[in-house]
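**Student:** Below you'll find the structure I mean.
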DNA sequence: GATGAATGAGCGTTCATTCAT
DNA sequence: GATGAATGAACGCTCATTCAT
């Protein structure tokens, strides 16, 4: 029996990430992925049930890693506002250092695939994040609105800013970033 | 029902809007548009250079109409904060009354097509809107950040909220809307 | 506007018939048909909705022609037994002179496609034939069993005999044919 | 439920039979067989040279068993006509009690595989059966035609009747069966 | 003997666009 | 202006089989 080649799976993920980032999700076909990964396109179906399955699994993996990385340095003992700013800073830095990952996640979020993620992955995607905001609400530091609405004012503006930065239409200065952190906090704080 | 004496161009636009809204941008092919518009697919190439050209022109037309409609009732004489809230309210109402248009625009914004809009259309898309924020800045009511950043905190959170509302995951109460207006204002005001 | 080329449709049908006859139904792919007909495989979808649609339409056309041809010389005035033997003889001759058509029909009959023929074609396929047996029953010349059972003893043995003849395992002498006519008649007559 | 200690060969045969019966011969792939048999598809190639080899061997095995079972109760001493009717009855009962086996055999008979059975298996398939008809001919009870022609009028009509019965289009009453036995006998008797 | 990994070849179908009238 | 015909290229995926262990 031939042993499964860990590199092969990594190659498939890497090739997919590169293609989605450079050509777009809609231009990323199974055969292009295979060609880039130097394997036969039928081999992809040894590792994944379908193209959809491949993309979802890559998305979950990337987002899980990102969540871990961002929340890693947040300490329970710190003041909430402080933690919030560190978190958002981590997020921004992570994106800037891993633009491919960010662009992939963004494209996925805005595609029909997003609604096809199996429920079993939800915890991996949202848990760390939800419990953080929950803590802020319990300390009465945040507006009395849904967690969803809080995140909307936290992440989406940042995401938009950085997308525009990547497209070259805006600069990303320290002052810009400081502004964003302040505007987000102003939006959600009591 | 479409009237027989409608001109073909209107039919093409209508059919495209319906398809993108109901099936998604990636499932909208030229031949499906033609079938829905009761014309030959080659006729589409009499009116447009390519599929891309058709989609961009439809996008610009829809967004221009939306802008006009939203800014229509804003009077120069009013207090800025008041105008701002009316504007955002208009935006929300327009979206809720024209979900097709909103969903089309959103899909377009998040597709590779967005970066292919020819510069000549920029004025149609951004002018009304830019000059409004400019006025707020001149009155020193808004944070000293780029207009782009101000709009990010104004529109995107609303857009996200309503997308989630359309997907049925959240309710759209008066209180929700009031929260959003307040949060957006808190984010951008000095 | 380019006019539809009648030859093209004929070419598709001819190529399909040849392929099914020589390679078998399961080995007949759309691309092979296209290649044999000297057209692009996408052109086939200008004329037919699907591969299934193409095969069913060819089947109905061939069987309709065969029915017409076989029943053509049957006169109402003749004695039933006489007509019956002429009919079976016509059938045998038709098959022998058109082995391709026969082999196609046989393969189709024994494939899953047979159960997918739309009802609208039933009249074309069975009417002439059913009314003939009905007449025999009304004259009390045939056993009191279903028309279906009568046809089973009429056609299937002939079909089997000729299939075996085509495969080279049996000769087809006048005496053989005479035997079959007699055996079929003995089976169904009162 | 298949027992764990069943040997793999039996599992392969069972899985194949089930699949061909439920999905059809053309929908029965090696990998589906393997999945149903809970083995690796490459294991199948330990037991068989090819898919074709597997199907042929299963066919021969099933048909041999059926022949044995049907001819088992036929006694040499009985009157031929009596034996003939018992034989046909056995055949009918066997089919009805083993629809899977019957449907597999029928699909195989009407596929290109039938012509690929190696000669070495012919005895297993036809011997019992040929010698039975030979006896009838020697007693001058049967028409002076080839054994092949005799069998055509014996089995095929029954087969067709029961196929139609399985498809739900016809009932299978005692009277129906009696008719068939009589019609077949009328066809072959002197 | 048994198997998971791997694959080239092929499947039916749709695509955006061009052609010829 | 309008259109039905026509197409090469590409799509996601399955196939029977072989490989390496």
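Chains as they are written, first to last, in this note's numbering: chain A, 1 to 190; chain B, 1001 to 1190; chain C, 2001 to 2190; chain D, 3001 to 3190.
For every residue, glycine included, the Cβ atom is placed at its ideal position computed from N, Cα and C.
1. Does the beta carbon of residue 1096 (chain B) come closer than 8 Å to any beta carbon on chain A?
2. Closest Cβ-Cβ distance between residue 1243 (chain B) and chain A: below 8 Å?
3. Count the other CB atoms within 10 Å of the CB of residue 16 (chain A); is the residue buried (16 or more) or exposed (fewer)?
4. Please identify, using Cβ separations under 7 Å, the residues of the stretch 110–121 of chain A that lie next to chain B, in order along the chain.
5. Taking residue 1164 (chain B) as the query, report the chain A residues whose CB atoms sit under 8 Å from its CB, ordered along the chain.
6. For a test of your reading of the model: does the CB of residue 180 (chain A) fall under 7 Å from any non-hydrogen atom of the ligand GTP? Yes or no.
7. Return the chain-ordered list of same chain residues with a C-beta closer than 8 Å to the C-beta of residue 3117 (chain D), the five sequence neighbours on each side being excluded.
8. Near residue 3187 (chain D), what residues of its chain come up, given a Cβ to Cβ distance below 6 Å and the 5 sequence neighbours on each side ignored?
9. Tell me the rounded alpha-carbon separation between residue 1065 (chain B) and residue 1097 (chain B).
10. Looking at residue 3095 (chain D): is its Cβ nearer than 8 Å to the Cβ of residue 3104 (chain D)?
11. State the Cα-Cα distance for the pair residue 2115 (chain C) and residue 2030 (chain C), rounded to the nearest angstrom.
12. Starting from residue 3091 (chain D), follow the alpha helix (DSSP H) in both directions and report where the run begins and ends.
13. Under 8 Å between beta-carbons, which chain A residues line up against residue 1051 (chain B)? List them in chain order, please.
14. Would you say residue 1145 (chain B) faces chain A, with C-beta separation under 8 Å as the test?
15. Applying a beta-carbon distance threshold of less than 9 Å, which residues of chain A neighbour residue 1026 (chain B)?
16. Ignore the nearest five residues each way along the sequence and tell me which others in residue 3113 (chain D)'s own chain have a CB closer than 7 Å to its CB.
17. Three or more C-beta pairs under 8 Å: does that hold for the stretch 3171–3187 of chain D against the stretch 3123–3137 of chain D?
18. What do you reckon, are the CB atoms on residue 1080 (chain B) and residue 1139 (chain B) nearer than 8 Å?
19. Where do the ends of the alpha helix (DSSP H) carrying residue 2013 (chain C) lie?
20. Taking the alpha-carbon of residue 3167 (chain D) as reference, which of D:3041, D:3069, D:3123 and D:3099 has the nearest alpha-carbon?
21. Within the chosen definition, does the stretch 35–45 of chain A reach the stretch 5–15 of chain A through at least 3 CB pairs nearer than 8 Å?
22. Anyone know if the C-beta pair for residue 3148 (chain D) and residue 2190 (chain C) falls short of 8 Å?
23. Within 8 Å (strictly less), CB to CB, does residue 3031 (chain D) reach chain C?
24. Does residue 3022 (chain D) get closer than 8 Å to chain C when you measure Cβ to Cβ?
25. Using 8 Å as the limit for Cβ to Cβ distance, is residue 3087 (chain D) near chain C?
26. Taking the alpha-carbon of residue 1093 (chain B) as reference, which of B:1026, B:1067, B:1034 and B:1120 has the nearest alpha-carbon?
27. Please decide whether residue 1190 (chain B) counts as near chain A, where near means a Cβ-Cβ distance under 8 Å.
28. Along chain B, which residues have their Cβ under 9 Å away from the Cβ of residue 54 (chain A)?
29. Less than 8 Å between CB atoms is the rule here; does residue 3160 (chain D) satisfy it with respect to chain C?
30. Out of C:2077, C:2088 and C:2046, which one is the CA nearest neighbour of residue 2069 (chain C)?
31. If we count the other Cβ atoms within 10 Å of its Cβ and call it buried at 16 or more, is residue 28 (chain A) buried or exposed?
32. Among residues of its own chain, excluding the 5 on either side of residue 1071 (chain B), which ones have a beta-carbon nearer than 6 Å to its beta-carbon?
33. Using 10 angstroms around the beta-carbon of residue 1122 (chain B), count the other beta-carbons present and answer buried if the total reaches 16, otherwise exposed.
34. At 7 Å on the CB atoms, spell out the chain B contacts of residue 179 (chain A), in chain order.
35. Could you tell me whether any Cβ in chain C is nearer than 8 Å to the Cβ of residue 3153 (chain D)?
36. On the three-state DSSP scale, how would you describe residue 185 (chain A)?
**Tutor:** The structure says:
1. Not one chain A Cβ lies under 8 Å of residue 1096 (chain B).
2. Residue coverage of chain B in this structure runs from 1001 to 1190, which leaves residue 1243 (chain B) outside it and unanswerable.
3. Buried: at least 16 other Cβ atoms inside 10 Å.
4. Within the stretch 110–121 of chain A, 110 and 112 place their CB atoms closer than 7 Å to a CB of chain B, listed in sequence order.
5. Per Cβ cutoff of 8 Å: 148.
6. Absence of the ligand GTP is noted for the structure shown, with no ligands found whatsoever.
7. Hits under 8 Å: 3056, 3059, 3060 and 3125.
8. Excluding its 5 nearest sequence neighbours in each direction, residue 3187 (chain D) has C-beta neighbours in its own chain below 6 Å: 3153, listed in chain order.
9. Whole-angstrom Cα-Cα distance: 14 Å.
10. Not closer than 8 Å, so no.
11. Residue 2115 (chain C) and residue 2030 (chain C) have their C-alpha atoms some 21 Å from each other.
12. Boundaries of the alpha helix (DSSP H) around residue 3091 (chain D): 3080–3097.
13. None at all; the shortest Cβ gap to chain A is about 13 Å.
14. Residue-level contact check: residue 1145 (chain B) touches chain A, since one or more beta carbons of chain A fall below 8 Å from its beta carbon.
15. Within chain A, the residues near residue 1026 (chain B) are 25, 26, 111 and 112.
16. Residues of the same chain with a CB within less than 7 Å of the CB of residue 3113 (chain D), apart from the 5 flanking positions on each side, are 3052, 3055 and 3056 in chain order.
17. With the cut-off at 8 Å, the stretch 3171–3187 of chain D and the stretch 3123–3137 of chain D do not touch.
18. Yes, Cβ-Cβ distance for residue 1080 (chain B) and residue 1139 (chain B) is below 8 Å.
19. Counting along the chain, the alpha helix (DSSP H) containing residue 2013 (chain C) begins and ends at 2006–2023.
20. Looking from the CA of residue 3167 (chain D), the closest CA among D:3041, D:3069, D:3123 and D:3099 belongs to D:3099.
21. Contact between the stretch 35–45 of chain A and the stretch 5–15 of chain A is present: three or more C-beta pairs spanning the two stretches fall below 8 Å.
22. No. Outside cutoff.
23. At least 8 Å separates the CB of residue 3031 (chain D) from every CB of chain C.
24. Answer no: the Cβ-Cβ gap between residue 3022 (chain D) and chain C never drops below 8 Å.
25. Not an interface residue.
26. The shortest C-alpha separation from residue 1093 (chain B) is found at B:1067.
27. Taking Cβ atoms only, chain A never reaches closer than 8 Å to residue 1190 (chain B), which makes this a no.
28. The premise fails here: residue 54 (chain A) is roughly 17 Å from chain B at the closest Cβ pair, so nothing lies under 9 Å.
29. Chain C has a Cβ within less than 8 Å of the Cβ of residue 3160 (chain D).
30. Selected option, being the one with the closest Cα: C:2088.
31. Of the residues assessed, residue 28 (chain A) falls on the buried side of the cut-off, its CB having 16 or more other CB atoms within 10 angstroms.
32. Here the set comprises 1128.
33. By the neighbour-count rule (16 or more Cβ atoms within 10 Å), residue 1122 (chain B) is not buried but exposed.
34. Simply 1143, 1145 and 1149.
35. Under the Cβ criterion of 8 Å, residue 3153 (chain D) is counted among the residues facing chain C.
36. DSSP, reduced to helix, strand and coil, places residue 185 (chain A) within a helical segment of the structure shown.
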